[in-house]
Every structure is written in C-alpha cells, then in structure tokens.
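These notes concern the structure reproduced below.
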DNA sequence: TCTCTTCCTGACCGTATGGTCAGATTGCAG
DNA sequence: CTGCAATCTGACCATACGGTCAGGAAGAGA
C-alpha cells in the first residue's frame, strides 16, 4: 500500500495537470462539441475536481482555445512533409501519408477542428485569415509551379488542396460511420494501409503522376 | 395595412409551422451543434413562442431527430443518380454532381449530419447499421462489377465511396473555411463549377475512366 | 524552522435552459 | 349557433451549468 513516494516539483505538477486537462478536454470537446461539453465531464475524465480546472484555465472558452491551438500546431508541422520533395508524386504522397497518420493517431483533434470550423470558427478565425491563408497560398503556388513545369496535370491547386484535406480528415471525422460500416470494428492495420494506398493511388493518378 | 385575410385550415397550420420549425432548427443545429442550440433560438428564428415548439415537438431530441432524418432522406434520393448509368464515368460523375449540388444548396443539413456522426451518431445509429449499410453494400457491389468487367481501375470500392462523400461534403461542412480562404466571399457560380469540374476530373481520371 | 507563494477543493451562487401547464383562442363538425 | 378538439402562449419550475471564493495543504526559499 505504498504511495508514490517522491514529492512533485512545482513545474512538474503544473505541466502534468495542464496536459491531463488538455487531453481530457480534447476528448470531451470532440465527443460532445463545445456546447455539449461540460467542465464537470472534463474534470472527471482528468481525475481532478472541477474547481481545479478553473485554477489552470480561467474559462471554458480559454480551455477550448488552447485545445484548438494545439491541434493547429500539429497540422502545420505535418505540412512540412510536402516541402523539399523532388517530385509532385513524392510531395503529395508524403503529405497524404502524414495527414492519414494524424487522422489515425489524433482523431479527436481533427473532430474538434472540424466542429470549430463548422460553427463559423468563432475562436480561430484570425488563424484562418493569417497563418492558414499564407500556408495555403504557398502550397498552391508550389503546385502551380509543378503544373507550369508540366510535371503534373493542370488542376486547380486550391481545389486539389481541399480534396487532400477532405479525404484524409474524413477518416478521423467520420471514424464512427466508417467503423459502423466496417461491422462495428475499427479499421485494422491492414485496412488503414489499404485506405492510405487507395487514397494515394486515386489522387496521384488523378493528377497524372502515376 | 391589411392583414392576411384568409383564415388557415388546420392542415395548413400544422404543415406550415412544422416546416417553419424544422427549417429554423436545421440552421441553429448546424451553427451551434446539438448542445449549443437552444429551443429559444430556434423559436426566435421561426418567429414562434418557445412553448409552441414544444406543442409540435415534445423534446429537443425529438426535433433534432426529425431534422437528421430529413437530411438522410435527401441524401438517399440523391444516390439514385448513380443507378441506371451506362458507364462508370456517367454514374460516378452524376453522383458527384448531385452531391456537390446538395452541398451547395443544403449546407446546413450536411453540417448537422457531420456533427451527428462525429458525436457517435447517438440518434441515427440504427440508420447507419441498416439503411446506410445496405445502400453502401449495393453501390460497392456495383463498383466491383465495373472493375471486374475491366471498365475502371481496380480500386477498393468502399474507400472510393468514402472519397466521394468526403470530397463533396467538404464543400458544405467546411464552407466557412473555404469562404475565408476565398477572401471572405462565398464561392461564385463560376467557382462552384470549377470545384465540381476539378473533383470530377481528378477522381474520374484517378479511377481510370477519363 | 519559519514564511511566502503556489496549489488545491468543497461549498456556494446566479443564470440559462428544457420542459410544463392552465387557460385563452380559434378552426371545425353537426 | 354550439360544443368540441386543436392550437396557442405567458408564466412558471426544477435542474444543470459555468464560474467564484474562502480557507486549507504543500512545495520553495531563507
């Protein structure tokens, strides 16, 4: 019956509890939406009293904002996979891989993001208008360059990007529907690979690089 | 300053108010999610007192259920466009057209559906397991037949369907993001056509029928 | 050890929300 | 015209939720 013996440092306590809360919050926000989520539910899942949540995050909005920002960071990092590619097939293929992996390992985050955007992006509108817009413009330019050099079929870069986002994120956002249509079982390792292969195959052939 | 003179029939009253409420509800549920939506907001948008809503729909859940069911019906009808096609290109092309049109004219419905599925389909789980599963199996079989006959590239039918859903619904579910990246303006007629063309082009070429 | 700051939490509060209900109004059948 | 059932609604209620706070526990620095 021995307790954890080592006393915790201030830093550790703060870091640990913030992480605990953010993880619980991400899950609850994903499952219930902002309006449906309650601080009590998040607290229970994090194993902390509700009042403690308000010690670390003043309001529900602030907690939500932090969750959404975290997700955004992750996605931006994944985007790097598209850069420094020798060929369009490599670049876009790697991007699809990266986004499919995120959908698999981070489905809650994707759902929170989708929910946020669907509800009019009340808290991350400025991100959309600055960071995301810049990122999108940059990649669209890259794709346009590839097209101009005749290395892929002439498609609208913007709409190609939408297609990449839509297709990959669908596996996270609609995971429940996919699971149901899969006999109630989550996709297996093999099925995930099949999904990834199919997406890449159709899109890469679709833009004329296969 | 003349009022509408004609007194309304019972049937008309009921039909009209139910429609009014359902339309308002669809919009509010789409914008705020189930948890964030309030009966008061729906009532205000419908121009009726809140108590009147509860006269036609006993509970918030019941109203929500009706909204979701309506959407499901619309989608099922759209699916007919895939049948009776001479070629894969025709069938899938028509299905893309139909779903893109729904995304454009019925974006709220798509959002409500997405939200419902993301939250674990609490009210339409049985539809997923029966109607949708059957529909999906049927179309997957059709696609497989096309593949077996060598009329299109050998792709996984199930994942192709997911791709069609994802790509087309993205234009409804993420309309806010798309609008923001479009300089804050909704897609124009021309841009919608470009979107449709691009989606069809990439996917149809992707499955080897272009 | 003593003091200060951070961390923690049970109890509490104001408000908003889903839902109820009694009673008024109005179309409708006979 | 009359009685009945459908429609309507302001006022009300119980509950759940986000947020507060006073006061206790526990590391940190001297």
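Protein chains in written order, with full-length UniProt numbering: chain A, 1 to 210; chain B, 1 to 210.
From the three backbone atoms N, C-alpha and C, an ideal C-beta is built for every residue, glycine too.
Query	Result
Closest Cα partner of residue 67 of chain A within the set A:77, A:112, A:88	A:112
Of the residues A:81, A:86, A:13, A:25, the one placed nearest residue 260 of chain A, counting alpha carbons only	No statement about residue 260 of chain A is possible, as the shown extent of chain A runs from 1 to 210 and does not include it.
C-alpha distance - residue 204 of chain B paired with residue 89 of chain B, whole-angstrom precision	6 Å
Closer than 9 Å at the beta carbon, the chain B residues around residue 128 of chain A	176, 177, 180, 181
Straight-line gap, residue 185 of chain A to residue 20 of chain B (C-alpha atoms, nearest Å)	40 Å
C-beta atoms of residue 135 of chain B and residue 79 of chain B nearer than 8 Å	yes
Residue span of the alpha helix (DSSP H) that contains residue 148 of chain B, given as start and end	133–148
Cβ-Cβ distance between residue 15 of chain A and residue 118 of chain B below 8 Å	no
C-beta neighbour in chain B for residue 111 of chain A, strict 8 Å	yes
For residue 118 of chain B, three-class secondary structure by DSSP	helix
Contact the stretch 133–152 of chain B vs the stretch 126–142 of chain A: 3+ CB pairs below 8 Å	no
Residue span of the alpha helix (DSSP H) that contains residue 26 of chain A, given as start and end	10–36
Against chain B: residues of the stretch 145–176 of chain A by CB proximity under 8 Å	153, 155, 156, 158, 159, 160, 162, 163, 165, 166, 167, 169, 170, 171, 173, 174, 176
Residue 119 of chain B at chain A interface by Cβ criterion, 8 Å	yes
Residue 22 of chain A versus residue 122 of chain A - alpha carbon distance	19 Å
Complete beta strand (DSSP E) runs within the stretch 73–109 of chain B (minimum length 3 residues, chain order)	none
Exposure label - residue 55 of chain B; buried when at least 16 CB within 10 Å	exposed
Short CB-CB distance (under 8 Å) between residue 3 of chain B and chain A	Only weak support exists for where residue 3 of chain B lies, its pLDDT of 36 falling under 50; the coordinates are left without a value.
Residue environment, residue 128 of chain B, which counts as buried when at least 16 other CB atoms sit within 10 Å	buried
Per-residue DSSP class, three states only, for residue 1 of chain B	With a pLDDT of only 37 at residue 1 of chain B, under 50, the local geometry of the prediction cannot be trusted, and no value is derived from it.
Residue 17 of chain B versus B:153, B:32, B:83, B:50, residue with shortest Cα-Cα distance	B:50
Neighbour-count burial assignment, residue 188 of chain A, 16 or more Cβ in a 10 Å radius	exposed
C-alpha gap between residue 142 of chain B and residue 126 of chain A, whole angstroms	45 Å
Any C-beta of chain A under 8 Å from that of residue 141 of chain B	no
Span of the alpha helix (DSSP H) around residue 198 of chain A	189–206
Three-state class that DSSP yields for residue 124 of chain B in the structure shown	coil
Alpha helix (DSSP H) segment containing residue 156 of chain A, residue limits	Careful: residue 156 of chain A lies outside any alpha helix (DSSP H) and carries neither H nor E.
Pairwise C-alpha distance: residue 43 of chain A and residue 81 of chain B	48 Å
Neighbourhood of residue 152 of chain A by C-beta, 6 Å cutoff - its chain only, sequence neighbours within 5 removed	88, 146, 207, 208, 209
Among B:73, B:102, B:37, nearest to residue 165 of chain B - alpha-carbon criterion	B:102
Option nearest residue 168 of chain A by Cα separation, candidates A:46, A:8, A:104	A:104
Sub-8 Å separation of residue 108 of chain B and residue 27 of chain B beta-carbons	yes
Check whether residue 157 of chain A and residue 140 of chain A have beta carbons under 8 Å apart	yes
Contacts around residue 175 of chain B, its chain only, beta-carbon distance under 7 Å, and the 5 residues preceding and following it disregarded	107
Coil, strand or helix - residue 166 of chain B by DSSP	helix
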